[in-house]
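Okay, so here's the structure we're looking at.
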Ligand code: 13P
Ligand code: SF4
């Protein structure tokens, strides 16, 4: 049984501006030669026209990173010039959270959205955590408040609350444990309870419900990128593209998941493509991920349903450069909130280690 409760979602926003500060490096024959090994890797997803713009930015960011003793944690939805050009660690929400806890760098730049930067700060409280654009939010994170969670506690006394990491630290602080799309079923079952509140993604909750006997009570949040896909659209693609394999993220609606060959977190989807090497595949998720996987799976043809996340797309090479140059925008968490939110995140990390 899935019970749902409604709230709003955030809307698409404009792209990031060009860097205001001059770059440490400019395009030249020498730079072209030095950056050739990186370009060789991404040449199928970045055109020769774009490269003279990206290469000086990549070189400038990589040298600033050393000066600042910084690492860049990049989510799988970052564009390929970020993902393959400047990222030190790449992955899904769980992998990035674990990396944040492990790193001995002084500074973490989160190439992702705000809740991910907050999670890094929770797990690395002594490090400086920066995000290139503070407006990089998430429709799931904005669908629920700490007051909402307190209301749920009152309505369902004794029922444990699992929150998806796609929430604010203040919401996590009210919950028993966090989960990501790669461990949601494991986290729910670890609680040993007959009923569990699984917030805020109604579709992730439905997917978990399909995988477990624990009764799931959901909130009515949704990812504005994944909720746009439909099962009908997938069936049309299958009819148009014989032999097509379709793999979906669990934030998709149930009819999409029913029409897919596999469902999993962004990293599980990437692993599936690498292992199975399908001739043709459609990744039912944010659009940039297909470009990133294409670099590592050159024999696979990607059919792209291009849904972009406006929040992830706020992050660019330009604002990563400015962020490192000016050491902005620092992400902090109120200490009282941090103690309680960290408990919920660490409980998940310990369970999956
Ligand atoms: P993953 O943990 O699967 O990377 O999902 C994060 C996310 O925001 C997907 O929309
Ligand atoms: Fe949030 Fe969806 Fe964007 Fe992921 S893709 S950050 S869930 S809005």
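Numbering (the working numbering), first residue to last: 46 to 398.
For each residue, glycine too, the CB sits at the ideal point set by N, CA and C.
Just so it is clear, the structure is predicted and the values come from calculations on it, not from any experiment.
For this session: Assign residue 59 to one of two classes, buried (16 or more other C-beta atoms within 10 Å of its C-beta) or exposed (fewer than that).
Result: Confidence at residue 59 is low in this model, with a pLDDT of 38, below 50, so its placement is unreliable and the value that follows should be read with caution. Exposed is the call here.
Exercise. With a cut-off of 8 Å, do at least 3 Cβ pairs link the segment 271-281 to the segment 309-320?
Worked result: no
Problem set entry | Assigned secondary structure, residue 49 (DSSP; H/G/I helix, E/B strand, else coil) | Residue placement at residue 49 is flagged as unreliable, the pLDDT there being 35, under the threshold of 50; the coordinate-derived value follows with that caveat. Coil.
For this session: Could you tell me whether any non-hydrogen atom of the ligand 13P is closer than 6 Å to the CB of residue 226?
Result: yes
Problem set entry | Any non-hydrogen atom of the ligand SF4 closer than 6 Å to residue 329 Cβ | no
Exercise. Using a threshold of 6 Å, is the CB atom of residue 356 nearer than that to any non-hydrogen atom of the ligand SF4?
Worked result: yes
For this session: To the nearest angstrom, report how far apart residue 395 and residue 67 are at their CA atoms.
Result: 44 Å
Exercise. What's the C-alpha gap between residue 129 and residue 87?
Worked result: 7 Å
Exercise. Relative to the alpha-carbon of residue 83, which residue among 229, 372, 126 has its alpha-carbon at the smallest distance?
Worked result: 126
Problem set entry | For residue 151, three-class secondary structure by DSSP | coil
Problem set entry | Residue range of the unbroken beta strand (DSSP E) whose run includes residue 236 | Careful: residue 236 lies outside any beta strand (DSSP E) and carries neither H nor E.
For this session: To the nearest angstrom, report how far apart residue 329 and residue 234 are at their CA atoms.
Result: 27 Å
Exercise. Would you say the beta carbon of residue 311 comes nearer than 6 Å to a heavy atom of the ligand 13P?
Worked result: yes
Exercise. Which word fits residue 61, buried or exposed, when buried means at least 16 other C-beta atoms lie within 10 angstroms of its C-beta?
Worked result: Here the model assigns residue 61 a pLDDT of 45, short of 50, so the residue's position is not dependable, and the following value carries that caveat. Buried is the call here.
Exercise. From 380, 212, 360, pick the residue whose C-alpha is nearest to that of residue 64; which is it?
Worked result: 360
Exercise. Any heavy atom of the ligand 13P closer than 6 Å to the Cβ of residue 268?
Worked result: yes
For this session: Consult DSSP for residue 58 and reduce its assignment to one of helix, strand or coil.
Result: Caution applies to residue 58, whose pLDDT of 36 falls short of 50 and renders its modelled position unreliable; the value that the coordinates give is listed next. It is coil, neither helix nor strand.
For this session: Could you tell me if residue 211 is buried or exposed, where buried requires 16 or more neighbouring beta carbons within 10 angstroms of its beta carbon?
Result: buried
Exercise. For residue 274 versus residue 301, is the C-beta spacing smaller than 7 Å?
Worked result: yes
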